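Take a look at the structure set out below.
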Amino acid sequence: MTKFRGMALPVCIGSLLVLCPPLAKARADVPAENPCLACHEPLTKSFGTTAHGKAMQFQAGRFQGDCQVCHGDATAHMESADPAKIQNPAKLSAVEASETCLKCHQTAKHQMFWRGSQHDLAGNSCVSCHSVHHAKSAASLLKARTQGEVCFTCHQNIRKAQLQRSTHLFRDEHLRTRLECASCHNVHGTQTEKLIAANSINEKCYSCHADKRGPFLWEHPPAKENCIVCHSPHGSNQPKLLAMRTPMLCQSCHIQGRHQTVAGRPNAVFVINRQCLNCHPQVHGSNHPSGVILQR
Numbered sequence: 197m198t199k200f201r202g203m204a205l206p207v208c209i210g211s212l213l214v215l216c217p218p219l220a221k222a223r224a225d226v227p228a229e230n231p232c233l234a235c236h237e238p239l240t241k242s243f244g245t246t247a248h249g250k251a252m253q254f255q256a257g258r259f260q261g262d263c264q265v266c267h268g269d270a271t272a273h274m275e276s277a278d279p280a281k282i283q284n285p286a287k288l289s290a291v292e293a294s295e296t297c298l299k300c301h302q303t304a305k306h307q308m309f310w311r312g313s314q315h316d317l318a319g320n321s322c323v324s325c326h327s328v329h330h331a332k333s334a335a336s337l338l339k340a341r342t343q344g345e346v347c348f349t350c351h352q353n354i355r356k357a358q359l360q361r362s363t364h365l366f367r368d369e370h371l372r373t374r375l376e377c378a379s380c381h382n383v384h385g386t387q388t389e390k391l392i393a394a395n396s397i398n399e400k401c402y403s404c405h406a407d408k409r410g411p412f413l414w415e416h417p418p419a420k421e422n423c424i425v426c427h428s429p430h431g432s433n434q435p436k437l438l439a440m441r442t443p444m445l446c447q448s449c450h451i452q453g454r455h456q457t458v459a460g461r462p463n464a465v466f467v468i469n470r471q472c473l474n475c476h477p478q479v480h481g482s483n484h485p486s487g488v489i490l491q492r
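Mapped onto our numbering, the consecutive letters of the sequence shown carry residue numbers 197 to 492.
Written out as structure tokens, the structure is:
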């Protein structure tokens with residue numbers, strides 16, 4: 197038995213040298229500029245088609261770029277083939293993972309406010325939403341096929357907006373969402389509440405609904421103050437994304453007036469269970485000389 201043990205040991209060591217390239221001599225078909233191909237060829241090939249890969253694309257047949265930009269010094273890893281001896285952003289703390297990405301992306305327009313943003317303070321990192329090597333969406337290297345799928349992972353209360361009667365997340369004939377979360381929000385951070393990608397909520401709404409901007413001769417203060425006083429921006433079961441039905445919506449402010457919807461009051465028959473908009477359609481403001489009560 198001792199004789200066979202002595203023969204088995206050299207065979208096992210030889211097999212390891214063949215099966216584990218980092219322990220064997222360098223492969224002749226692996227370019228010196230990117231020795232990672234020796235073990236990670238499938239991974240690096242798919243990486244070449246991504247936004248990061250194209251930024252470090254092959255030029256004149258030579259790989260321009262280095263995996264160590266994101267993974268750190270790989271010397272110890274290549275010598276030992278120990279996965280613990282290479283930096284993996286997915287296994288770093290949220291702050292460390294984001295700092296790895298911000299080495300390149302910190303001055304980009306959409307990422308410059310990441311530090312201290314709501315997502316950063318919540319313990320998220322770049323790799324919470326993005327995947328450099330295994331992205332399911334070519335756009336922005338997302339971990340899911342669409343922005344909505346990524347965002348709804350945490351913001352599940354917004355998911356129902358897709359199915360409500362009135363929604364901003366409407367789809368085209370190919371079932372693709374025409375508006376996405378990033379159409380209104382900058383998820384990497386802004387100086388505005390709710391990560392709105394504008395100076396205010398109203399400014400973002402006016403970028404599409406320019407006819408509601410004004411100025412108007414007769415203003416409606418809530419509309420000028422904040423669109424979400426009356427509207428639910430993601431979705432609503434009321435028309436026009438209203439937060440509730442009229443007249444209840446109007447009466448949340450107009451408690452007293454010349455014609456309360458209380459039975460027994462003068463003219464009550466004309467207003468009970470009727471729409472305020474029947475008589476006051478210009479709720480965002482009016483430029484008509486006689487539009488002081490937003491009737492025209």
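Even for Gly, the Cβ is constructed at its ideal location relative to N, Cα and C.
Note that this is a predicted model, so its numbers are computed, not measured.
Judged by DSSP in its simplified three-state form, residue 359 adopts helix. Here the region 263-275 makes no contact with the region 335-349; the two share fewer than three CB pairs at distances below 8 Å.
Counted as a single uninterrupted DSSP element, the stretch harbouring residue 308 is not any alpha helix (DSSP H), since DSSP gives it neither H nor E. By the Cβ-count criterion, residue 238 is exposed, with fewer than 16 other Cβ atoms from all chains shown falling within 10 Å of its own Cβ. Rounded to whole angstroms, residue 309 and residue 476 show a C-alpha spacing of 42 Å. Fewer than three Cβ pairs drawn from the region 393-407 and the region 327-336 lie within less than 8 Å of each other, which leaves the two stretches out of contact. Per DSSP, residue 238 is one residue of the alpha helix (DSSP H) stretching across 233-243. Burial of residue 429 is indicated by the presence of at least 16 other C-beta atoms within 10 angstroms of its C-beta. The three-state reading of DSSP puts residue 364 in coil, since its state is none of H, G, I, E or B. Closest option to residue 263, judged by alpha-carbon separation, among 277, 283, 361 and 245: 283. When the Cα atoms are used, residue 377 and residue 347 turn out to be separated by approximately 8 Å. By the Cβ rule, the region 356-376 does not count as touching the region 293-309, because fewer than three pairs are nearer than 8 Å.
For residue 314, the enclosing alpha helix (DSSP H) starts and ends at 314-317.
Counting only runs of 4+ residues, the alpha helix (DSSP H) found wholly inside the region 271-300 occupies 271-276, in chain order. Cβ contact annotation for residue 445 (same chain, cutoff 7 Å, sequence separation greater than five): 426, 438 and 439, in chain order. Under the three-state reduction of DSSP output, residue 437 falls in the helix class.
Excluding residues up to 5 positions away in sequence, 309, 310 and 313 lie with their Cβ nearer than 6 Å to the Cβ of residue 385 in the same chain. In terms of CA proximity to residue 478, 488 leads the group 470, 285 and 488.
By the C-beta density criterion, residue 365 is buried, having at least 16 other C-beta atoms within 10 angstroms.
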